[in-house]
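*Asks:*
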Amino acid sequence: MTQARTALHAWFEAITPFTRFSDVTHAAHYRAAPDDALFGITDVVNSTASIDAGRYKAVNVAGAAAISALMNALDGRPFPFVFGGDGASFLVDADDEALARHTLGATAAFVRDNLDLELRCGLYPLAQLRADGHDVRVARYAPSPHVSYAMITGGGARHAETQLKAGIGTVAPADSGVAPDLTGLSCRWQPLAARRGVIASVIVEPTEDATPASFAAIANSLLERVSGRLAAPFEDTAGGPDGVTPQDASPALDALRFGPDHQAQDLEIAIRASDGRPRDFHRRALRRFLWIARTVFAFGLKVGAFDPRRYRAVTATNTDFRKFDDGLRMTLDCAPDRLDAIEAYLAEARAAGLVRYGIHRQQHALMTCIVPAQDRDDHMHFLDGAGGGYAQAAANLKRAGDHML
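According to the working numbering, the sequence shown is numbered sequentially starting from 4.
1. So if DSSP puts Ile18 in a beta bridge, which residue, or which two residues, is it bridged to?
2. By the 10 Å Cβ neighbour count, where 16 or more other Cβ atoms means buried, how is Lys60 classified, buried or exposed?
3. Just confirm the distance between the C-beta atoms of Gly391 and Thr51, as a whole number of angstroms; I'd bet it's less than 8 Å.
4. Which value, in whole angstroms, describes the spacing of the CA atoms of Ser92 and Tyr152?
5. Can we say the stretch 53 to 69 touches the stretch 80 to 100, given the rule of at least three CB pairs closer than 8 Å?
6. What are the start and end residues of each continuous beta strand (DSSP E) run of 3 or more residues lying completely inside the stretch 307 to 338, in chain order?
7. Would you say Phe42 and Tyr144 are within 9 Å of each other, going by their C-beta atoms?
8. Between the stretch 178 to 189 and the stretch 308 to 315, can you find at least three pairs of beta-carbon atoms closer than 8 Å?
9. Does the Cβ of Arg359 lie closer than 8 Å to at least one heavy atom of the ligand ATP?
10. Closest to Leu11 by CA distance: which of Arg353, Glu100, His363 is it?
11. Where does Glu271 sit, in a helix, a strand or coil, going by DSSP?
12. Short of 8 Å in beta carbon distance, which residues of its chain neighbour Ile70, apart from the five on each side in sequence? Order them along the chain.
13. Are Ile362 and Ile221 touching if we call contact CB-CB under 9 Å?
14. Secondary structure at Tyr33, three-state DSSP: helix, strand or coil?
15. Between Leu289, Leu256, His384, which has its C-alpha nearest Asp269's C-alpha?
16. Report the option in Pro146, Asp135, Ser147, Arg282 whose CA atom is closest to the CA atom of Ala160.
17. Is the CB-CB distance between Val95 and Ala103 below 9 Å?
18. Apply the 10 Å Cβ neighbour rule to Phe21 and answer buried if 16 or more other Cβ atoms are within range, or exposed otherwise.
19. Would you give the residue range spanned by the beta strand (DSSP E) that Gly88 belongs to?
20. Assuming Pro215 contacts Ala30 under a Cβ cut-off of 8 Å, what Cβ separation, rounded to an integer in Å, is found between them?
21. Please report the distance separating the alpha-carbon of Phe24 from that of Pro281.
22. Given that a residue counts as buried once 16 or more other Cβ atoms are within 10 Å of its Cβ, and exposed if not, what is Pro339?
23. If the criterion is Cβ atoms closer than 9 Å, does the pair Asp387 and Thr334 meet it?
24. Using DSSP with H/G/I as helix, E/B as strand and the rest coil, what is Phe385?
25. State the Cα-Cα distance for the pair Arg34 and Met154, rounded to the nearest angstrom.
26. Using 10 angstroms around the beta-carbon of Ala3, count the other beta-carbons present and answer buried if the total reaches 16, otherwise exposed.
27. Could you compute how far the alpha carbon of Arg291 sits from the alpha carbon of Phe324?
28. Given a threshold of 16 other Cβ atoms within 10 Å of its Cβ, counted over all protein chains shown, does Asp336 qualify as buried or as exposed?
29. Alpha carbon to alpha carbon, how far is Arg123 from Leu304?
30. Comparing alpha-carbon positions, which option in Gly200, Gly262, Arg133, Ala177 lies nearest Ser189?
31. Would you list the one or two residues that DSSP bridges to Gly43?
32. For Ala111 and Thr318, what's the separation of their Cα atoms in angstroms?
33. So who's on the other strand from Glu121, going by DSSP bridges?
34. Quick check on this structure: which residue in Ala344, Arg364, Pro254, Gly125 has the alpha carbon closest to the alpha carbon of His162?
35. According to DSSP, which residues form a beta bridge with Glu351?
36. Within a Cβ cutoff of 8 Å, which residues of the same chain sit near Ala109, ignoring the five residues on either side of it in sequence?
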């Protein structure tokens, strides 16, 4: 049965958001994506090697670049997307196919020419993914009253990733000198240190033998083991006097400190220089901005409509540190023994043939941001581990799967 055609942004906005992350496995929250939509996916080639070389910030910027570029190309029209650390997955309207292809090609060229990384991009008709036996269903999770993030299930994302890595349906990079509009993309927060022992990047996916009900039961039990507070709507992460509560494994986002390091500054200069003006111009402009911004944040000074205390608080509630993209992805702050217990539970589920999982431990988390305007509360922030993060967790997942063959 053919679906009636609806503009993707209107369809996405019509989905009622849920506010308790523990509801992420509830099928009632998900809607079948329009059959004429296109599913897109990107990933950084050999991202783990780049991360091992200390280029984790560049990998995260490359991963978020397609999201930022599409936001600007679509003039702010909302569309479903999921940030995956070294890439992203998303849906675009069939009417925007030419625009999306141009934007992805320009983004891949920017990543190649300015970050010295290779970004693979692919676009796949949703009707074809369904003909191949896979689906794409979308929900909206609102971690705060200000933003919502897409959650994706159905197996289509994983199938599209397989197609991309096989070289099927790829979008070629544009010629040198072609760049997307990356306005709003930045990484200005300092790395966030673990305050309970370790920053854990966790990926858990269902196997082909797992039913939706069996995987939902495992995911729900996992979320309970991670923390009961993870189920609280619009939760306050502040906790006790030091911002840490012993029962909460979510990152201590109240501890965010403004101030990009030299690597992050170089990345932002590259992002800004995509407008065609010289890097020296942007380097001087960024230095002036950072001098003022550090003073504003250090003393809590209001500048016009900008209130640094409010901005920091909204950043904490808006941050995307857990998601569902054909599986659970979470960035946690855990005591090592607690993480050991979580991994033991997942190992049991893997032994039962129900899940694949990968965990990577590091000491810091890293923020990558998309800020359309400084004086609005709809800025988006993506948290990943700073020592390998989701990319290394995915590699560990694959490695464990290979060992089981």
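Backbone N, C-alpha and C define an ideal beta-carbon position, used for all residues, glycine too.
As the structure is a prediction and not an experimental result, all values here were calculated from the model.
*Replies:* Here's the rundown:
1. The residue you call residue 18 lines up with position 15 of the sequence shown. Residue pairing by DSSP leaves Ile18 without any beta bridge partner.
2. Indexing the sequence shown from 1 puts residue 60 at position 57. Under the 10 Å beta carbon count, Lys60 is surrounded by 16 or more other beta carbons and is classified as buried.
3. The residue given as residue 391 occupies position 388 in the sequence shown. The residue given as residue 51 occupies position 48 in the sequence shown. 7 Å between Cβ atoms; contact.
4. Locating residue 92 in the sequence shown gives position 89, counting from the first residue. Locating residue 152 in the sequence shown gives position 149, counting from the first residue. Straight across, the Cα-Cα distance linking Ser92 with Tyr152 is about 12 Å.
5. Counting Cβ pairs under 8 Å, three or more are found: they touch.
6. Complete beta strand (DSSP E) runs here, min 3: 325 to 327, 331 to 337.
7. Position 39 of the sequence shown, counting from 1, holds the residue named residue 42. Position 141 of the sequence shown, counting from 1, holds the residue named residue 144. No, these two residues do not count as a Cβ contact at 9 Å.
8. No: the two stretches stay apart, fewer than three of their Cβ pairs being nearer than 8 Å.
9. Absence of the ligand ATP is noted for the structure shown, with no ligands found whatsoever.
10. On the sequence shown, residue 11 is found 8 positions in, with the first residue counted as 1. The option with the nearest alpha carbon to Leu11 is Glu100.
11. The count along the sequence shown starts at 1 and reaches residue 271 at position 268. Assignment of Glu271 by DSSP, reduced to helix, strand and coil, places it in the helix class.
12. One-based indexing of the sequence shown puts residue 70 at position 67. Excluding sequence positions up to five before and after Ile70, its CB lies within less than 8 Å of the CB of Phe84, Phe86, Ala91, Phe93, Ile373, all in the same chain and listed in chain order.
13. On the sequence shown, residue 362 is found 359 positions in, with the first residue counted as 1. On the sequence shown, residue 221 is found 218 positions in, with the first residue counted as 1. Taking 9 Å as the Cβ cut-off, Ile362 and Ile221 do not qualify as a contacting pair.
14. Within the sequence shown, the letter at position 30 stands for residue 33. Three-state result, Tyr33: coil.
15. Numbered from 1 along the sequence shown, position 266 holds the residue referred to as residue 269. Taking only the C-alpha atoms, the option nearest Asp269 is Leu289.
16. Taking the first residue of the sequence shown as position 1, residue 160 is located at position 157. Distance from the Cα of Ala160 is smallest, within the candidate group Pro146, Asp135, Ser147, Arg282, for Asp135.
17. To locate residue 95, count along the sequence shown from 1; it is residue 92. To locate residue 103, count along the sequence shown from 1; it is residue 100. Closer than 9 Å, so yes.
18. The residue labelled residue 21 in the question sits at position 18 within the sequence shown. By the 10 Å Cβ count, Phe21 comes out buried.
19. Reading the sequence shown from its first residue, position 85 is the one you call residue 88. Counting along the chain, Gly88 falls outside any beta strand (DSSP E), and DSSP gives it neither H nor E.
20. Reading the sequence shown from its first residue, position 212 is the one you call residue 215. Reading the sequence shown from its first residue, position 27 is the one you call residue 30. By a beta-carbon distance limit of 8 Å, Pro215 contacts Ala30. Their separation comes to about 7 Å.
21. Start at 1 with the first residue of the sequence shown, and residue 24 comes out as number 21. Start at 1 with the first residue of the sequence shown, and residue 281 comes out as number 278. Distance between Phe24 and Pro281, taken at the CA atoms: about 44 Å.
22. Translated into the one-based positions of the sequence shown, residue 339 becomes position 336. Its Cβ having fewer than 16 others within 10 Å, Pro339 is exposed.
23. Reading the sequence shown from its first residue, position 384 is the one you call residue 387. Reading the sequence shown from its first residue, position 331 is the one you call residue 334. Thr334 is positioned such that its CB atom lies closer than 9 Å to that of Asp387.
24. Here residue 385 refers to the residue found at position 382 of the sequence shown. In this structure, Phe385 counts as strand in the three-state DSSP scheme.
25. To locate residue 34, count along the sequence shown from 1; it is residue 31. To locate residue 154, count along the sequence shown from 1; it is residue 151. Going from the Cα of Arg34 to the Cα of Met154 covers about 10 Å.
26. It is not possible to answer for residue 3, since the shown part of the chain is limited to 4 through 408.
27. On the sequence shown, position 288 is the one that residue 291 refers to. On the sequence shown, position 321 is the one that residue 324 refers to. Straight across, the Cα-Cα distance linking Arg291 with Phe324 is about 31 Å.
28. What you label residue 336 is simply residue 333 of the sequence shown in a count that begins at 1. By the neighbour-count rule (16 or more Cβ atoms within 10 Å), Asp336 is buried.
29. What you label residue 123 is simply residue 120 of the sequence shown in a count that begins at 1. What you label residue 304 is simply residue 301 of the sequence shown in a count that begins at 1. Spanning the two alpha carbons is a distance of roughly 42 Å.
30. The residue labelled residue 189 in the question sits at position 186 within the sequence shown. It is Gly262 whose Cα lies nearest to the Cα of Ser189.
31. If you number the sequence shown from 1, residue 43 lands on position 40. BP columns for Gly43 point to Phe93, Leu126.
32. Residue mapping note: residue 111 aligns to position 108 of the sequence shown, counting from 1. Residue mapping note: residue 318 aligns to position 315 of the sequence shown, counting from 1. Taking the straight line from one Cα to the other gives about 28 Å.
33. Here residue 121 corresponds to residue number 118 of the sequence shown, with the count starting at 1. According to DSSP, Glu121 bridges with nothing at all.
34. For the purposes of this step, residue 162 is taken as the residue at position 159 of the sequence shown. Out of Ala344, Arg364, Pro254, Gly125, Gly125 has the C-alpha closest to the C-alpha of His162.
35. Working through the sequence shown from its first residue, we reach residue 351 at position 348. None, per the DSSP bridge assignment.
36. The residue given as residue 109 occupies position 106 in the sequence shown. Correct list, in chain order: Ala72, Ala177, Val181, Ala182, Pro183.
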